[in-house]
Amino acid sequence: MFREAYKRKMDAIQPDASFRAALNERMNEKMNERMVGMNRRESGNARHVKMIVAVALLIALLITSAVAMVQGGLLRTEIEESAGETFTEKVQDVHASIGSEGFGFTIDEVVCEDDRMYLSYSTSVPDDGNTYLYALCIPKLNGEKMSYGYAFFYDDSFTPVAFPIGGEFGCQKTQVIPDIFIDSQIRDQAESLLEMRAIFFKANRDIKYAGEWKDYYAMMEKTNLQSEFGSSESFGDVLLLPDSDTLYYYGETAQENPEIHLCALPEYWQLWRELKEDRALDAKEFASTEIVELIDIIEISIPIDASETTEGVYNDLAQTKFELDGFEIEFTDFRLSHFGASYSADIRTDEQIPDEYTGDEPYSQFYTLLRSDGSELCSAGNSSFSSGNARRMDGGERVYRIDGDISGMIPVEALDTLLLAPEIFNDDGQFSHYDLENAIEIKPVYNPDKPEATPQPKFDFAENDSLSS
Amino acid sequence: MQSHSRRAREWAKLAMEKYMDMVYRLAYAKLGNQADAEDVTQNVMLKLLSCEREIQTEEHLKRWLIRVTANESVNLFRSAWRRRTLPLEETRVEGVLQDDEQDELEEALRTLAKGYRVVVHLFYYEGMSTKEIAEALGLSSGTVRERLHRARRKLKQQLSEKGGDYFV
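Chains as they are written, first to last, in numbering that gives the first Met the number 0: chain V, 0 to 468; chain C, 0 to 167.
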């Protein structure tokens with residue numbers, strides 16, 4: 000019944016005669032233009048054609064650059080160049096931006112895969128030499144607080160994690176929120192409303208790097224909320240930084256994306272107690288302390304369609320076989336997406352590959368994918384696994400197979416070239432460094448003719464016409 | 000041996016003669032109005048002319064058209080203005096179905112996410128299997144089956160509420 004009703008409805012949908020005629024005319028015109036160009040090339044007038052192509056490329060480059068600048072969509076631009084039209088559609092290019100007086104907030108891109116969403120956003124402040132802070136409220140989807148990391152701990156009024164921006168920290172920042180859980184209802188809906196709110200402060204304290212976590216931790220004191228602040232609720236102990244004129248952040252390096260945990264400040268809990276403990280702190284209330292001064296609150300609401308934001312994927316390599324010194328590596332599987340990478344490659348040598356390798360063989364190493372500058376692929380949420388094993392193929396041939404799996408968030412930037420680099424370990428088994436001198440340069444591509452490996456369906460159902468199944 | 004340009008021209012002619020309606024209906028299924036479907040159809044056909052990829056067979060051509068149509072429809076839909084400008088009434092097709100039936104069907108289809116509408120259309124109208132749909136759209140078969148399953152469930156729910164007898 001449904002099929003028949005649907006067919007009746009769609010049979011009546013067809014282009015009208017005037018549209019057909021106009022499109023036919025346009026197509027003929029274009030075909031003739033194209034034939035003229037092709038005939039010139041085919042008749043040997045290569046120089047002329049090269050000039051046309053060069054001019055066209057220049058124009059295309061200028062247009063592409065202009066679009067990229069306007070949209071700020073670096074990822075999209077790169078993907079278009081390397082993967083063709085089919086790849087670009089996997090990312091919802093939101094680029095909804097708002098702001099005033101030099102303070103800006105933009106939702107950049109949204110990507111989904113199954114029950115996970117990835118969000119990127121940017122903030123900017125005036126280039127006046129001042130250092131500011133911004134905090135992000137937990138984003139909401141259809142009015143509901145989204146589920147990820149910090150969102151499990153705070154409500155949507157104010158997340159007391161602030162990021163320094165401006166001055167030495169740079170006036171523009173792009174951040175990502177990985178691994179947001181979305182339920183199937185969101186995926187089923189034609190449109191969902193994404194709401195985000197950024198709060199800008201001016202810091203009234205110096206901002207300094209405390210060192211690594213252990214250094215930061217050493218500065219902290221354990222405090223019992225009940226005894227220290229007279230809390231009536233048994234909230235337990237918290238770690239606080241003692242009163243100081245400084246806002247500290249920690250990380251492996253000072254340049255790492257700094258986060259300032261405002262909830263490590265005694266003032267935060269003092270205020271929380273004064274507010275009767277029954278609700279979260281509001282940014283405006285927090286801004287009345289001496290720590291910060293509220294500058295602006297910027298909100299964006301934008302409709303998104305989760306079903307159109309499927310994860311983008313590079314599923315192949317431009318070159319899959321590589322000759323190295325004494326052995327050959329051939330990729331048998333490759334997948335790179337916003338959420339990570341996986342790969343398999345077989346190594347073959349002229350010599351017999353033993354069952355138990357000694358570790359001295361040049362090929363018997365762990366290999367990992369790196370960016371072209373040698374840095375790690377994922378900057379956030381990174382976990383990786385690589386292995387190497389000798390195995391016998393169906394025909395009796397022996398190969399050494401390497402497998403790698405990197406999960407995490409791929410940042411918004413170009414990834415047209417990657418390195419497959421051996422990992423070097425110290426004698427004590429600890430990782431030492433990546434051997435970039437012997438790394439292989441690979442170029443991920445999107446190949447529309449290569450079907451994706453079919454994952455096991457979460458559930459099965461008969462492929463029939465019955466809607467009641 | 001024919002040059003690439005001549006073959007491209009022949010494929011384009013075939014696409015215009017034989018597959019224009021398919022492209023147009025697929026775009027309509029996804030976008031829900033004829034003006035947008037015309038825009039997409041034109042973009043797809045012009046893209047075919049400049050397609051650098053060698054089309055190998057008619058089946059290859061059909062799959063190419065389906066995928067690019069689905070993608071072009073996304074591009075068009077990205078315009079936030081466009082999303083809100085076309086009321087449901089504009090999509091009514093006169094004289095095809097009974098008014099009530101058309102409204103029910105139209106409303107039910109409207110509640111589907113756009114990615115699901117394409118799968119429903121290819122399955123129910125073009126008669127493609129989930130495997131063929133997956134290949135044409137560049138999705139995994141699992142994804143197509145899941146979308147189809149969810150779309151059916153939602154359609155069933157929507158149409159049952161209106162008392163339709165589509166599920167007999």
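By construction, the Cβ of each residue, glycine as well, lies at the ideal position given by its N, Cα and C atoms.
From a predicted model like this one, the values you see are computed outputs, not experimental measurements.
Rounding to the nearest angstrom, what Cα-Cα distance links asparagine 437/V and asparagine 314/V in this structure? If you number the first sequence from 1, residue 437/V lands on position 438. If you number the first sequence from 1, residue 314/V lands on position 315. Going by the C-alpha atoms only, they are around 24 Å apart.
The alpha helix (DSSP H) enclosing aspartate 150/C, as first and last residue numbers: What you label residue 150/C is simply residue 151 of the second sequence in a count that begins at 1. According to the sequence provided, residue 150/C is alanine. The question's aspartate does not apply to it. Where alanine 150/C is concerned, the enclosing alpha helix (DSSP H) stretches over 140-160.
Just the Cα atoms here: how many angstroms apart are leucine 417/V and glycine 165/V? Against the first sequence, residue 417/V aligns to sequence position 418. Against the first sequence, residue 165/V aligns to sequence position 166. So the two alpha carbons sit approximately 32 Å from each other.
Residues of the segment 13-41 of chain C with a CB closer than 8 Å to any CB of chain V: list them in chain order, please. Met15, Met19, Asp20, Tyr23, Arg24, Tyr27, Ala28, Gln33, Ala36, Glu37, Thr40 and Gln41
Kindly indicate which three-state DSSP category arginine 24/C falls into: helix, strand or coil? Locating residue 24/C in the second sequence gives position 25, counting from the first residue. In the structure shown, arginine 24/C sits in a helix (DSSP, three-state: H, G or I).
Check whether the Cβ atoms of isoleucine 472/V and leucine 240/V lie closer than 8 Å to each other. The shown model of chain V, from 0 to 468, leaves out residue 472/V, and the question about it has no answer.
At 8 Å on the CB atoms, spell out the chain C contacts of arginine 334/V, in chain order. What you label residue 334/V is simply residue 335 of the first sequence in a count that begins at 1. Here the premise fails: no neighbours, minimum Cβ distance about 12 Å.
On the three-state DSSP scale, how would you describe phenylalanine 377/V? Position 378 of the first sequence, counting from 1, holds the residue named residue 377/V. The residue asked about is misnamed: residue 377/V is cysteine in this sequence, not phenylalanine. It is coil, neither helix nor strand.
With 9 Å as the limit, tell me which residues of the segment 108-120 of chain C have their beta carbon closer than that to any beta carbon of chain V; keep them in chain order. Leu108, Arg109, Thr110, Leu111, Ala112, Lys113, Gly114, Tyr115, Arg116, Val119 and His120
DSSP state of aspartate 154/V mapped onto helix, strand, coil: For this step, residue 154/V is matched to residue 155 along the first sequence. In the structure shown, aspartate 154/V sits in coil (DSSP, three-state: anything other than H, G, I, E or B).
In the structure shown, what three-state DSSP assignment does isoleucine 179/V receive? Start at 1 with the first residue of the first sequence, and residue 179/V comes out as number 180. Strand, per DSSP.
Please state whether DSSP places glutamate 289/V in a helix, a strand or coil. Position 290 of the first sequence, counted from the first residue, corresponds to residue 289/V. It is coil, neither helix nor strand.
Mind reading off the beta-carbon distance from threonine 367/V to glutamate 422/V? Whole number of angstroms is fine, and I expect it under 8 Å. Translated into the one-based positions of the first sequence, residue 367/V becomes position 368. Translated into the one-based positions of the first sequence, residue 422/V becomes position 423. Indeed they touch by this definition, with Cβ atoms about 6 Å apart.
For aspartate 107/V and chain C, any beta-carbon pair shorter than 8 Å? Here residue 107/V is taken as the residue at index 108 of the first sequence, counted from 1. It does not; no Cβ of chain C falls within 8 Å.
Threonine 172/V versus serine 123/V: straight-line alpha-carbon distance, rounded: Here residue 172/V refers to the residue found at position 173 when the first sequence is read from its first residue. Here residue 123/V refers to the residue found at position 124 when the first sequence is read from its first residue. In the sequence as presented, threonine is not what sits at residue 172/V; that position holds lysine. C-alpha separation (whole angstroms): 6 Å.
Residues of chain C with a CB under 9 Å from the CB of isoleucine 12/V: which are they? Counted from its first residue, the first sequence places residue 12/V at position 13. Per Cβ cutoff of 9 Å: Asp20, Tyr23, Arg24, Tyr27, Ala28, Gln33, Ala36, Val92 and Val95.
Does the distance from the C-beta atom of tyrosine 115/C to that of arginine 146/C stay below 8 Å? Numbered from 1 along the second sequence, position 116 holds the residue referred to as residue 115/C. Numbered from 1 along the second sequence, position 147 holds the residue referred to as residue 146/C. Taking 8 Å as the Cβ cut-off, tyrosine 115/C and arginine 146/C qualify as a contacting pair.
Can you grab the Cα-Cα spacing for the pair lysine 213/V / aspartate 182/V, in whole Å? In the first sequence, counting from the first residue as 1, residue 213/V sits at position 214. In the first sequence, counting from the first residue as 1, residue 182/V sits at position 183. Their Cα atoms are separated by approximately 37 Å.
Contact under 8 Å by Cβ, leucine 193/V with leucine 135/V: Residue mapping note: residue 193/V aligns to position 194 of the first sequence, counting from 1. Residue mapping note: residue 135/V aligns to position 136 of the first sequence, counting from 1. No, they are not a contact pair.
Could you name the residues of the same chain whose beta carbon sits closer than 6 Å to that of methionine 116/V, not counting the 5 residues immediately before and after it, in chain order? Counting from one through the first sequence, the residue named residue 116/V turns up at place 117. Closer than 6 Å at the Cβ level, and outside the excluded window around methionine 116/V, lie Ile179 and Ile181.
Inter-residue spacing [alpha-carbon to alpha-carbon] between leucine 13/C and histidine 59/C: As a working mapping, residue 13/C is identified with position 14 in the second sequence. As a working mapping, residue 59/C is identified with position 60 in the second sequence. Computed Cα separation, rounded: 12 Å.
Could you give the residue range of the beta strand (DSSP E) that holds glutamate 237/V? Taking the first sequence and counting its residues from 1, the one referred to as residue 237/V is at position 238. Residue 237/V is actually valine in this sequence, not glutamate. Note, valine 237/V: beta strand (DSSP E), 236-239.
By how many angstroms is the C-alpha of phenylalanine 122/C removed from the C-alpha of arginine 144/C? To locate residue 144/C, count along the second sequence from 1; it is residue 145. To locate residue 122/C, count along the second sequence from 1; it is residue 123. C-alpha separation (whole angstroms): 10 Å.
Note down, in chain order, all residues in the segment 185-209 of chain V with a beta-carbon under 9 Å from any beta-carbon belonging to chain C. Arg186, Asp187, Gln188, Ala189 and Glu190
I'd like the list of long-range same chain contacts for glutamate 71/C, defined as Cβ closer than 6 Å, with 5 residues on each side in sequence excluded. Here residue 71/C is taken as the residue at index 72 of the second sequence, counted from 1. Answer for glutamate 71/C: Val39, Asn42 and Val43, listed in chain order.
Tell me the residue span of the beta strand (DSSP E) that contains glycine 210/V. Your numbering for residue 210/V matches position 211 in the first sequence. Unbroken beta strand (DSSP E) run through glycine 210/V: 205-210.
In chain C, what lies closer than 7 Å to arginine 2/V by C-beta? As a working note, residue 2/V is residue 3 in the first sequence. Result: Tyr123.
In terms of residues, what are the limits of the alpha helix (DSSP H) holding threonine 9/V? Residue 9/V sits at position 10 when you count from the first residue of the first sequence. First, the amino acid is wrong: residue 9/V is methionine here, not threonine. That run of the alpha helix (DSSP H) goes 1-10.
Straight-line Cα distance separating serine 300/V from tyrosine 131/V: Along the first sequence, read from residue 1 onward, the residue named residue 131/V stands at position 132. Along the first sequence, read from residue 1 onward, the residue named residue 300/V stands at position 301. Each residue's alpha carbon lies about 24 Å from the other.
Which listed residue (Leu30/C, Met15/C, Met21/C and Val22/C) has its alpha carbon closest to that of leucine 108/C: Here residue 108/C refers to the residue found at position 109 of the second sequence. Of Leu30/C, Met15/C, Met21/C and Val22/C, the residue nearest in Cα terms is Leu30/C.
Answer with yes or no whether the minimum CB distance from asparagine 23/V to chain C is below 8 Å. Position 24 of the first sequence, counted from the first residue, corresponds to residue 23/V. Yes, because at least one Cβ of chain C sits closer than 8 Å to the Cβ of asparagine 23/V.
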